[in-house]
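Line by line, the protein sequences give chains R and Z.
Start counting the first sequence at 371; every next residue gets the next number (this note's numbering).
Start counting the second sequence at 13; every next residue gets the next number (this note's numbering).
Read through the structure below, which is laid out as structure tokens, and then see the notes.
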Amino acid sequence: MDNIAGTKSTLTWAVHLSVALLVALWLFPTVGLLVSSFRTGEQISNSGWWSSFSAQERQAPAIRVAGAERQEGALYVIEGELYPDTGAAVSAWGTSSRAPEAYGPGDVAELKDGWALSVDAAGRYRLTAPQSFEGERLPRIFSTATAPPEFTLDNYRSVLFGTTAGTGVGQAFLNTLTVAIPATVIPILVAAFAAYALAWMEFPGRALLVAAVVGLLVVPLQLALIPLLQLHNDIGIGKGYLGVWLAHTGFGLPLAIYLLRNYMVGLPRDIIECARVDGATDFQVFVKIVLPLSFPALASFAIFQFLWTWNDLLVALVFLGTDDDTLVLTARLVNLLGSRGGQWEILATSAFVSIAVPLLVFFAMQKYLVRGLLAGSVK
Amino acid sequence: MHPALQAVLTIVIGVGGCVGYFWGANQILDKLIFPARGAHIARNISRANMVRPWLFLFPALFALGLYLAYPVVATLWLSLTDRDQGGAFVGLANYRQMMGEPKFWEAMRNNMLWLIVVPAASTGFGLLAAQLTDRIRWGNLAKSLVFMPMAISFVGASVIWKLVYDFRPEGQDQIGVLNAIWVALGGDPQTWLTITPWNNFLLMVVLIWIQTGFAMVILSAALRGIPEETVEAAIVDGANPFQIFFRIKVPQIMPTIVVVWTTITLVVLKVFDIVLAMTNGQWETQVLANYMYDKMFRAFDWGVGSAAAMVIMILVLPILIWNVLNARKEMR
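See below:
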């Protein structure tokens, strides 16, 4: 429509380009973490993730020659491989840290006492000497090699099923699920009845209640932490799952009521009045007509609440506590950031485990999410 | 009991309890208290219908009152008392103590910065993305990719961005994109998150990255709702695309822009996870919500913590009132 003005071709290209740039910019950080979670810790800390798709030339850590010697004529020989299971190609090597690239592949280095060392391009080395190596200190090999791109699932294995103390991400995953599902299901029904009353029943004070719900919608939950924690302690719930479920239910209700009421008000009046004329009670109208028709709004809220409870940190920290066996994923991640800030393979993988479920929900149910957002904020 | 089992049980009890309550209460109302039969059938039915809304509303109102309304009052009270003196009333002493702390003013200053930069940048980028993606065929794909960070937790986003800001000493390969670009341009590698005041902006980038998608989705719907005639008329009058956008479209979606802006403002006021995960308020990056958490759960100073929470509440109050007034207007 805008194109009628005749500036189509150049402007369209500019639009395509800027959108591509925007998307790339928005995607880049996440992709970085995803790619990093498939690299080994050593790879991550030695090169940027963006270079992991091309063959990498880098200095490998020094490897000391080892292995059983055998006799070959007058010479004693030790043979071995620097990189047994990879397709790495050696481009340079050396025997001291001061000159790690002194020799090329295939060169022979003359060492003390008539020793000779050679390394070929595939990383096979051969050390020879006129006498036995028994009791001698064997030389180290510094090498620079070009390794093909390499990705691994080991991080996920160790993070999810590993038993290293303080990294129990598998347990945290289950904890998060335990928090999120009841906290999503319970508010829906409570809110649906209230929303129906606010949308379709006549009673004094209705407008006031709707306004109150709108007001509570924005009350920061920071205010609720201490009083509710005290309350939970007083009535014997203390810190635990029950407390988190109740808290999430309470905090989620205003949005639930608001979303559902807005949706229910828009349902066709005819259907509901016909049912009433036919003798249906409010309870029947709600259960048989309004509830099924409100499915899209229910789905929207369910997604919101699930994403919110899954991603929440504050409520879980306060009401569930910081014990190792009840930590949720977000709290676990914060701990990891503190204790293993340098171990990117653990961090990246744990973060991706925590992000995966919401992303899945997001892409599968995007339609409902968008609809809910629109109902919730556009007036 | 195993937590997973407990969760299933809670769902069953919770859902069962709700259904039981609503159904049971209705039955009692219709069959026992005001039966729809006998001499006063008409009066009974109308009375039952007067009570019923409150039956429907009761659980929700109870939960709202207990979990949102009561805490506001209780926190106000806590902020005026001192826990160490057994909860004695101390007037505004907590507020005075808070006002005397440089960390509080640092948090206030940073929060104001957040309040200006994040909503403005998110709304701006969102508007740009909405306008651009509406005009191309793969716009929907582009939209869902820009929207995606919405699903990521603040903590997850912090990890993602911490990798972007990562620092390696000079001479090593940089693994953070920002430093890699910086070094490629000829700079020395920087520990970005410790450089005041710019580290604040680097933290804001995380939230902008998350919120832009939200702004885009809503503004894009608003843009589509603009009557075509207005745009066509402008084209006929010879307006160029920029004039159409800024003079015709933006004014028409102004109310939506305001809604988006205020919604993001609310998110900003409560921002806590990002600061906690990335700097924990060090290097002058403290914000109010994290300051409050520090006071409440690390220093266990409930009085000052509650006072800080009340400050957040006061900052939210104008938006709360504005929202309520709007809702009232709509109801009429």
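Here a beta-carbon is modelled for each residue, glycine too, at the ideal position from N, C-alpha and C.
Interface flag, residue i vs chain Z, CB-CB below 9 Å
{"i": "residue 382(R)", "result": "yes"}
{"i": "residue 611(R)", "result": "yes"}
{"i": "residue 514(R)", "result": "no"}
{"i": "residue 388(R)", "result": "yes"}
{"i": "residue 620(R)", "result": "yes"}
{"i": "residue 448(R)", "result": "no"}
{"i": "residue 571(R)", "result": "yes"}
{"i": "residue 656(R)", "result": "yes"}
{"i": "residue 526(R)", "result": "no"}
{"i": "residue 687(R)", "result": "yes"}
{"i": "residue 625(R)", "result": "no"}
{"i": "residue 521(R)", "result": "no"}
{"i": "residue 371(R)", "result": "Because the pLDDT at residue 371(R) is just 47, under 50, the model does not fix this residue reliably, and the point stays unresolved."}
{"i": "residue 729(R)", "result": "yes"}
Presumed contact (8 Å Cβ cut-off) between residue i and residue j, rounded CB distance
{"i": "residue 599(R)", "j": "residue 688(R)", "result": "6 Å"}
{"i": "residue 487(R)", "j": "residue 470(R)", "result": "Rounded, the Cβ-Cβ distance is 14 Å, inconsistent with contact."}
{"i": "residue 265(Z)", "j": "residue 238(Z)", "result": "7 Å"}
{"i": "residue 208(Z)", "j": "residue 342(Z)", "result": "Not a contact, Cβ separation roughly 45 Å."}
{"i": "residue 552(R)", "j": "residue 422(R)", "result": "Their Cβ separation, rounded to whole angstroms, is 41 Å, which puts residue 552(R) and residue 422(R) out of contact at 8 Å."}
{"i": "residue 68(Z)", "j": "residue 722(R)", "result": "In fact, because the Cβ distance is near 43 Å, the residues do not count as touching under 8 Å."}
{"i": "residue 288(Z)", "j": "residue 594(R)", "result": "Not really, about 18 Å apart at Cβ, beyond 8 Å."}
{"i": "residue 335(Z)", "j": "residue 584(R)", "result": "5 Å"}
{"i": "residue 779(R)", "j": "residue 614(R)", "result": "Examination of residue 779(R) is not possible in this model, given that chain R is present from 371 through 749 alone."}
{"i": "residue 161(Z)", "j": "residue 396(R)", "result": "7 Å"}
CA-to-CA distance, residue j to residue i, given in whole angstroms
{"i": "residue 441(R)", "j": "residue 176(Z)", "result": "54 Å"}
{"i": "residue 92(Z)", "j": "residue 328(Z)", "result": "20 Å"}
{"i": "residue 186(Z)", "j": "residue 125(Z)", "result": "30 Å"}
{"i": "residue 183(Z)", "j": "residue 192(Z)", "result": "12 Å"}
{"i": "residue 576(R)", "j": "residue 390(R)", "result": "49 Å"}
{"i": "residue 409(R)", "j": "residue 707(R)", "result": "18 Å"}
{"i": "residue 625(R)", "j": "residue 691(R)", "result": "26 Å"}
{"i": "residue 821(R)", "j": "residue 380(R)", "result": "This structure cannot settle anything about residue 821(R), because the visible part of chain R is limited to 371 through 749."}
{"i": "residue 669(R)", "j": "residue 170(Z)", "result": "28 Å"}
{"i": "residue 275(Z)", "j": "residue 516(R)", "result": "51 Å"}
{"i": "residue 358(Z)", "j": "residue 222(Z)", "result": "Nothing can be reported for residue 358(Z): it is not among the residues displayed for chain Z, which extend from 13 to 344."}
{"i": "residue 164(Z)", "j": "residue 602(R)", "result": "30 Å"}
{"i": "residue 543(R)", "j": "residue 23(Z)", "result": "19 Å"}
{"i": "residue 105(Z)", "j": "residue 85(Z)", "result": "18 Å"}
{"i": "residue 650(R)", "j": "residue 679(R)", "result": "37 Å"}
{"i": "residue 733(R)", "j": "residue 157(Z)", "result": "10 Å"}
{"i": "residue 532(R)", "j": "residue 399(R)", "result": "27 Å"}
{"i": "residue 749(R)", "j": "residue 140(Z)", "result": "At residue 749(R), the pLDDT of 39 sits below 50, so the modelled position is not reliable; the number obtained from the coordinates is stated separately. So the alpha carbons of these two residues sit roughly 22 Å apart."}
{"i": "residue 95(Z)", "j": "residue 608(R)", "result": "19 Å"}
{"i": "residue 58(Z)", "j": "residue 73(Z)", "result": "23 Å"}
{"i": "residue 491(R)", "j": "residue 196(Z)", "result": "31 Å"}
Residue i at chain R interface by Cβ criterion, 9 Å
{"i": "residue 18(Z)", "result": "yes"}
{"i": "residue 305(Z)", "result": "yes"}
{"i": "residue 22(Z)", "result": "yes"}
{"i": "residue 83(Z)", "result": "yes"}
{"i": "residue 319(Z)", "result": "no"}
{"i": "residue 26(Z)", "result": "yes"}
{"i": "residue 266(Z)", "result": "no"}
{"i": "residue 115(Z)", "result": "no"}
{"i": "residue 281(Z)", "result": "yes"}
{"i": "residue 133(Z)", "result": "no"}
{"i": "residue 159(Z)", "result": "yes"}
{"i": "residue 338(Z)", "result": "yes"}
{"i": "residue 230(Z)", "result": "yes"}
Please list, in chain order, the residues of the stretch 54-72 of chain Z that have any C-beta partner in chain R closer than 8 Å. 61, 62, 64, 65, 66, 68, 69, 71 and 72
For the stretch 411-423 of chain R, which residues have a CB atom closer than 9 Å to at least one CB atom of chain Z, in sequence order? 414, 415, 416, 417, 418, 419, 420 and 421
Using a beta-carbon distance cut-off of less than 8 Å, what residues from the stretch 659-679 of chain R approach chain Z? 677
Can you pull out the residues from the stretch 320-334 of chain Z whose beta carbon lies closer than 7 Å to at least one beta carbon of chain R? 321, 324, 325, 328, 331 and 332
Which runs of the alpha helix (DSSP H), 4 residues or longer, sit entirely within the stretch 391-468 of chain R? 411-416
Closer than 7 Å, Cβ to any Cβ of chain Z: which residues of the stretch 696-717 of chain R, in chain order? 700, 703, 704, 707, 714 and 717
Using a Cβ cut-off of 8 Å, which residues of the stretch 94-112 of chain Z contact any Cβ in chain R, in chain order? none
Just by C-beta distance, which residues in the stretch 32-52 of chain Z are closer than 8 Å to chain R? 34, 35, 38 and 42
Listed in chain order, which residues of the stretch 391-410 of chain R have Cβ atoms closer than 8 Å to some Cβ of chain Z? 392, 393, 396, 397, 398, 399, 400, 402, 403 and 406
Along the stretch 636-650 of chain R, what residues have a CB closer than 7 Å to any CB found in chain Z? none
Selection of the stretch 172-189 of chain Z by Cβ proximity to chain R, strictly under 9 Å: 172, 173, 174, 175, 176, 178, 180, 184, 185, 186, 187, 188 and 189
Chain Z contacts from the stretch 455-478 of chain R (Cβ-Cβ distance under 9 Å): none
Residues of the stretch 547-578 of chain R with a CB closer than 7 Å to any CB of chain Z: list them in chain order, please. 548, 551, 552, 555, 556, 559, 560, 561, 563, 564, 566, 567, 571, 573 and 577
Within the stretch 67-93 of chain Z, ranges of the alpha helix (DSSP H) (whole runs, at least 4 residues): 82-91
Give the residues from the stretch 284-312 of chain Z that approach chain R closer than 9 Å (Cβ to any Cβ), ordered along the chain. 284, 285, 288, 289, 290, 292, 300, 301, 304, 305, 308 and 309
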